[in-house]
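Quick note on our numbering: the sequence shown kicks off at 1 and runs consecutively. From the three backbone atoms N, C-alpha and C, an ideal C-beta is built for every residue, glycine too. As the structure is a prediction and not an experimental result, all values here were calculated from the model.
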Amino acid sequence: MISKDLHAGWTVRAVGGDVPAVVAGRALPATVPGTVHVDLLATGELPDPYLGVHESDWAWFHRSAWRYETDLAEPAAEPGERVDLVFEGLDTVATVTIDGTEVASTRNMHRTYRIDVRELLTGANRLTVRFDSALEHAEKVEAQLGRRPRAYPHPVNAVRKMACSFGWDWGPDLQTAGIWRPVRVQRWRTARLAAVRPLASLDGSTGRLAVHVDVERSGLEEAGELLVEARLPALGVAGTVRLAPGATAAVVLLEVPGAPVWWPVGYGEQPLVDLQVHLSAGDRDLDSRALRTAFRSVAIDTAPDEHGSRFTLLVNGVPVFVRGVNWIPEDHLLTRLTRDDYAAALDRALGANVNLLRVWGGGVFESDDFYDLADEKGLLVWQDFLLACAAYAEEEPLRSEFLAEVRDNVVRLSPHPSLVVWNGGNENVWGHEDWGWKEDLAGATWGAGYYDELFPSLLAELDPSRPYSPGSPANPGVPASELHPNDPDHGTHHQWEVWNREDYTHHLDAVPRFCSEFGWQAPPTWATLTRALAPEDLRKDSPAFLLHQKAEDGNGKLDRGLAHHFEVPQDFADWHWATQLNQARATSFAVEHLRSWSPRTMGSVLWQINDCWPVTSWSVVDGDGRLKPAWYALRAAHAPRLVTLQPREGRLRLVLVNDTAQEWVADALVRRVDASGEVLASEWIGVRVAARGTAVQAVPVLDGALGGTDLFVADVGGLRSVFSPVEDKDLPVAADALEADARAVEGGYEVRVRARSLARDVAVLADRVAPDAEVDDMLVTLLPGEEHVFRVNSRAAVDPAEFTGPLVLRTSAVVSA
1 MISKDLHAGW TVRAVGGDVP AVVAGRALPA TVPGTVHVDL LATGELPDPY
51 LGVHESDWAW FHRSAWRYET DLAEPAAEPG ERVDLVFEGL DTVATVTIDG
101 TEVASTRNMH RTYRIDVREL LTGANRLTVR FDSALEHAEK VEAQLGRRPR
151 AYPHPVNAVR KMACSFGWDW GPDLQTAGIW RPVRVQRWRT ARLAAVRPLA
201 SLDGSTGRLA VHVDVERSGL EEAGELLVEA RLPALGVAGT VRLAPGATAA
251 VVLLEVPGAP VWWPVGYGEQ PLVDLQVHLS AGDRDLDSRA LRTAFRSVAI
301 DTAPDEHGSR FTLLVNGVPV FVRGVNWIPE DHLLTRLTRD DYAAALDRAL
351 GANVNLLRVW GGGVFESDDF YDLADEKGLL VWQDFLLACA AYAEEEPLRS
401 EFLAEVRDNV VRLSPHPSLV VWNGGNENVW GHEDWGWKED LAGATWGAGY
451 YDELFPSLLA ELDPSRPYSP GSPANPGVPA SELHPNDPDH GTHHQWEVWN
501 REDYTHHLDA VPRFCSEFGW QAPPTWATLT RALAPEDLRK DSPAFLLHQK
551 AEDGNGKLDR GLAHHFEVPQ DFADWHWATQ LNQARATSFA VEHLRSWSPR
601 TMGSVLWQIN DCWPVTSWSV VDGDGRLKPA WYALRAAHAP RLVTLQPREG
651 RLRLVLVNDT AQEWVADALV RRVDASGEVL ASEWIGVRVA ARGTAVQAVP
701 VLDGALGGTD LFVADVGGLR SVFSPVEDKD LPVAADALEA DARAVEGGYE
751 VRVRARSLAR DVAVLADRVA PDAEVDDMLV TLLPGEEHVF RVNSRAAVDP
801 AEFTGPLVLR TSAVVSA
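In structure tokens, the structure reads:
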């Protein structure tokens, strides 16, 4: 096979809709892969939709149409030669023509299209791809099939496009269009490798690889015998299968005694093996594929027990406590992302001691780079099918699109050892039960046939090697009519009452088996916020700030959440810090609660790790890739060894979580201190925690803690936990609790802080001084006389004293001096 990228020489122009004058009638250079937004922004004549109120200035795009064009200088097909035009991704409603002859009409950005064009090629053709409004198409499909309930205004459930492209409670409404993934011309004869699915398993120390191969025959010659060969060259293992004339599928079985075993991060190494697959006919090489995979086994234990039923991920037979995060698209304008962007984002997850990323169902099946990097780094991937917060019609024209996109992506992603869970979608089963959908549907289809029949049957055919859950939240194998899909005692659970109606302390009200969504909001870092908003917009009621706060009553929930714990500051800079600190506190509280109950609870998947633009949201890394205080809180709460003080049956207990392969033996110092930090009582105890174990310790000095006004501090091996039965707003906090100095050092600055009295959650908000500045630690609690040195990495030349200013050096006293 000869394959050639077709990425050069494209133009794009508006051909429909009420477009701005600077766009009308112009043929602009087009980047392929790319989208129209990116090309329009490249002209410098339209405002960046991520800044100020400019998202609203792009609403015209929703009902526009665009035409991409390029010369297709492909020679005419020779006798017996197939020539295919392959689009790996078209976003979304597209018509493809060659010299005016329509060759494809597409309605799905999540699948690949292969078009036989050999009859049309002359050596000087014109290739055109017209994109029409996805919104208008969705409205027509909805009118045809009937309205289905959904969480957002646009009919995102009536077109197979990234759902959050139409806006979400953290994302902009831009509705992109374009040739968003590679396009190629492929010339081949006789037969080609249509699909290669290497399904790996591990039986003891023996690795087994079932290499499933689907072959497409050209149909231009008499079908003959073919040979499929699969090799693991580094392991010296190979196998062949002969395909009889007319046959189109084969399985090559490879067995590797003593196979290298792939483990998630924190459990072992991640050895990957190269797989080569060749297709030949006699002495003619026809096609080949090179892939990477690895040997490991994966399952989910859903057995009943005394608490309900488990949801425990097993990798190579070993139970894994999931320290996870939900992943949304890293940039709303997807095609701007590079492999380096993905590497940096996954490293930020690793830095927060994450071991699993859940690719959420309102986004996309991610790029190959994302999964390749997850394989290399040992990050587990939970993959939703792309349905979110809506009911979906099961009739045509949608059903066949779901079938095609799932087939495409299950095949594409099957080699990746990092991929460990297929999930039916996000909150759809729950929505059907609790969100008033049943009355609205009046018996219409809503997606149950996808979750309970279509997806499981496709996976049984294409990928039986991985577990499947019908949704998140859901109880695998149990119909919603028998057990509520969000029952915390069974399966997966989403905890949103704490954010929407209560307070984060209400996490204590339930002990879910696996919590796959929970979180708390905060604005982005100061440097990101001030890049996106003008100085006059830096107030929480400004139109620009509110446009970057998409949650319903988001600011109200932030203030009510603050009021439980702090006085709500009137100054915007103080409010900004207070909300960020409260998010960090909520994150620590929830994750430590969940981990403290392991192995009853075996999963904590925070909503969310990242943002796709500058916005107030539940992310711990903002839209510019800067670390919010909550990231540091998550890193500490996710630490392989955790010390936490937790209420248990009306008493405070010391809980130690050891998520390492070695027993943990240490001495613990537990102290009771007053509001100034003066030690009133202390106790040393020896602790011993089994590998991958949890220990709950009664400590006499903790007696009466829940009814008193003193604080409690537990220190074990350099780890610290602080518990206060009194809210910060009721604690007398010394205004001069800290003394600090800073100096320049190679690569940045050092900030030395010493506590005169108790100082909780000491933080250096370094980005307020220099946009590139990043601090190594945050949210450090110091007792009187203790000191801590913060390292700030930055290339900026600034006065070091700026890092000790009242808006930069912060504590839980949220109002600046």
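If you check the CB distance, residue 780 and residue 714 do not come in under 7 Å.
Each residue's CA atom was taken as its position, placing residue 394 and residue 446 some 7 Å apart.
No Cβ-Cβ contact shorter than 7 Å links residue 34 with residue 312.
Taking a cut-off of 8 Å on C-beta distances, the segment 154–163 touches the segment 382–399, as three or more cross pairs fall below it. Counted as a single uninterrupted DSSP element, the beta strand (DSSP E) harbouring residue 203 occupies residues 191–203.
By the Cβ-count criterion, residue 300 is buried, with 16 or more other Cβ atoms from all chains shown falling within 10 Å of its own Cβ. The residue from 294, 243, 705, 656 with its alpha-carbon nearest to that of residue 234 is 294. In the three-state DSSP reduction, residue 591 falls in the helix class (H, G or I). Runs of the beta strand (DSSP E) lying entirely within the segment 398–477, each at least 3 residues long, are 419–423 in chain order. With contacts defined by Cβ atoms closer than 7 Å, residue 219 and residue 230 do not form a contacting pair. Spanning the alpha carbons of residue 490 and residue 653 requires a straight line of approximately 26 Å.
Sorting 68, 303, 756, 799 by C-alpha distance to the C-alpha of residue 736 places 756 at the top.
Selection 207, 361, 420 evaluated against residue 451 yields 361 as nearest (Cα-Cα). If you compare the alpha carbons of 29, 698, 456 with that of residue 683, the shortest gap goes to 698. A distance below 7 Å between beta-carbons, with the five flanking residues on each side excluded, links residue 3 to the following residues of its chain, in chain order: 184, 186. Rounded to whole angstroms, the gap between the alpha carbons of residue 764 and residue 514 is 34 Å. Here residue 258 is exposed. Its C-beta has fewer than 16 other C-beta atoms within 10 Å. Boundaries of the alpha helix (DSSP H) around residue 339: 339–351. If you draw a straight line from the Cα of residue 720 to the Cα of residue 655, it is about 12 Å long. Unbroken beta strand (DSSP E) runs of no fewer than 3 residues, entirely contained in the segment 492–557, are found at 515–517, following chain order. Using a Cβ distance threshold of 7 Å, residue 635 and residue 352 count as a contacting pair. Between residue 38 and residue 12, the CB-CB gap reaches or exceeds 7 Å.
As the crow flies, the alpha-carbon of residue 521 is around 4 Å from that of residue 618. It is roughly 12 Å from the alpha-carbon of residue 271 to the alpha-carbon of residue 418. Counting only runs of 3 or more residues that sit fully inside the segment 234–312, the beta strand (DSSP E) segments are 237–243, 249–256, 273–281, 284–293, 298–301, in chain order. Under DSSP, residue 229 takes part in a beta bridge, and its partners are 240, 278. Cβ-Cβ separation between residue 661 and residue 639: approximately 15 Å, too far for a contact (criterion under 8 Å). Secondary structure at residue 686: strand, using DSSP grouped into helix, strand and coil. Nearest to residue 175 by alpha-carbon distance, out of 83, 767, 63, is 63. The three-state reading of DSSP puts residue 27 in coil, since its state is none of H, G, I, E or B. Contact between the segment 491–501 and the segment 535–547 is not established, with fewer than three Cβ pairs separated by less than 8 Å. Per DSSP, residue 382 lies in no alpha helix (DSSP H) segment; the continuous beta strand (DSSP E) that holds it begins and ends at 380–384. Between residue 666 and residue 696, the C-beta gap is not smaller than 7 Å, which leaves the two residues out of contact. With distances taken between CA atoms, residue 379 lies nearest to 357 out of 762, 203, 316, 357. Taking 7 Å as the cut-off, the Cβ atoms of residue 815 and residue 170 do not count as close. For residue 37, the enclosing alpha helix (DSSP H) begins and ends at 36–42.
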